[in-house]
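Novice:
Numbering (my numbering), first residue to last: 1217 to 1493.
1. At what residues does the beta strand (DSSP E) containing residue 1368 begin and finish?
2. Hey, quick one: how far does the beta strand (DSSP E) through residue 1342 stretch, first residue to last?
3. Give me the Cβ distance between residue 1452 and residue 1439, rounded to the nearest whole Å; I'm assuming they're in contact under 8 Å.
4. Return the CA-CA distance between residue 1166 and residue 1472, expressed in angstroms with no decimal places.
5. Just to confirm, is the Cβ distance from residue 1360 to residue 1333 under 9 Å?
6. Is residue 1460 helix, strand or coil when you go by DSSP?
7. Specify whether the region 1428–1435 and the region 1382–1394 touch according to this definition: at least 3 beta carbon pairs, one from each stretch, less than 8 Å apart.
8. Could you tell me which residues DSSP pairs with residue 1170 in its beta bridges?
9. Using three-state DSSP, classify residue 1446 as helix, strand or coil.
10. Between 1337, 1414, 1388, which has its C-alpha nearest residue 1398's C-alpha?
11. State the start and end residues of the unbroken beta strand (DSSP E) segment that holds residue 1421.
12. What did DSSP end up calling residue 1287 once you bin it into helix, strand or coil?
13. Here's a check: name, in chain order, each residue in its chain whose Cβ is nearer than 7 Å to the Cβ of residue 1458, leaving out the five neighbours to either side.
14. Contact check, residue 1474 vs residue 1425 under 8 Å by CB: the rounded distance?
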């Protein structure tokens, strides 16, 4: 027999109240002395979600931290690499400057007995046709260079003389090994004098040495005599390497210059006054 509608409403209301009461009781009844039943069920659902979200957040935070760290490390590495490159270049430049100053000091010290101003120059080129004819230096009229000034190597050996035209920032040097050069020289024992000329192949020979002149031997040194008015006396030129009879009048004396063209990077230009030598 069906219940009247009013009784149905009362019955349903009763069931709702009973369920609500049971739920309230379950909340108050402890389970394992820790958490109420409903709360434990809620925690059982929410905790894994929270754990997952926490893991995800920590992972993202760690990833972001690592990213920022790597960016800083990369930036720092780039800065250090730039500084290292700069320091290497500065070190190289300083070493080159110190080496140059050392060479300049060495040249000036070796040539101090000439009591003449010294201009140190670098070799920047050579004769295109024959390297034993001339060199080009990076000093010119701006530095007080003039034609006929004497040029020596770092050891104080004769290299040649400045020839014109002298440009503002460069000059040309005629080597003593040039076939067209001529230098008044004398042997170290003062026995024989003559004119030194180049053979165009890196060596020199003495002109106008008579067969009747005193004997000279290989190994004897040759120096400037000062008779040509170009160079002061006593500048080292070379060493005799062979002596022979060229004809009935003159000897053939071959001389190896002291200066070495190969590896010659710097020279000294001497602005001297013959009256002071």
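Positions of the beta carbon are idealized from the N, C-alpha and C atoms, including for glycine.
Specialist: Inspection of the coordinates gives the following:
1. The continuous beta strand (DSSP E) containing residue 1368 extends over residues 1366–1368.
2. First-last of the beta strand (DSSP E) with residue 1342: 1334–1342.
3. Their Cβ separation, rounded to whole angstroms, is 5 Å, which keeps residue 1452 and residue 1439 in contact under 8 Å.
4. Outside the displayed span of the chain (1217 to 1493) sits residue 1166, for which this structure offers no information.
5. Between residue 1360 and residue 1333, the C-beta spacing is below 9 Å.
6. Of the three classes helix, strand and coil, the one that applies to residue 1460 here is strand, per DSSP.
7. Segment contact: the region 1428–1435 against the region 1382–1394, fewer than three CB-CB distances shorter than 8 Å; contact not assigned.
8. Nothing in the structure corresponds to residue 1170, since the chain is present only between 1217 and 1493.
9. The answer is coil: DSSP assigns residue 1446 none of H, G, I, E or B.
10. Selected option, being the one with the closest Cα: 1414.
11. Membership of residue 1421 in the beta strand (DSSP E) is indicated by the continuous run 1420–1423.
12. Helix, per DSSP.
13. Close CB contacts of residue 1458 within its chain, under the 7 Å cut and outside five residues either way in sequence, are with 1434, 1470 (chain order).
14. Contact doesn't hold; Cβ gap of about 20 Å is too wide.
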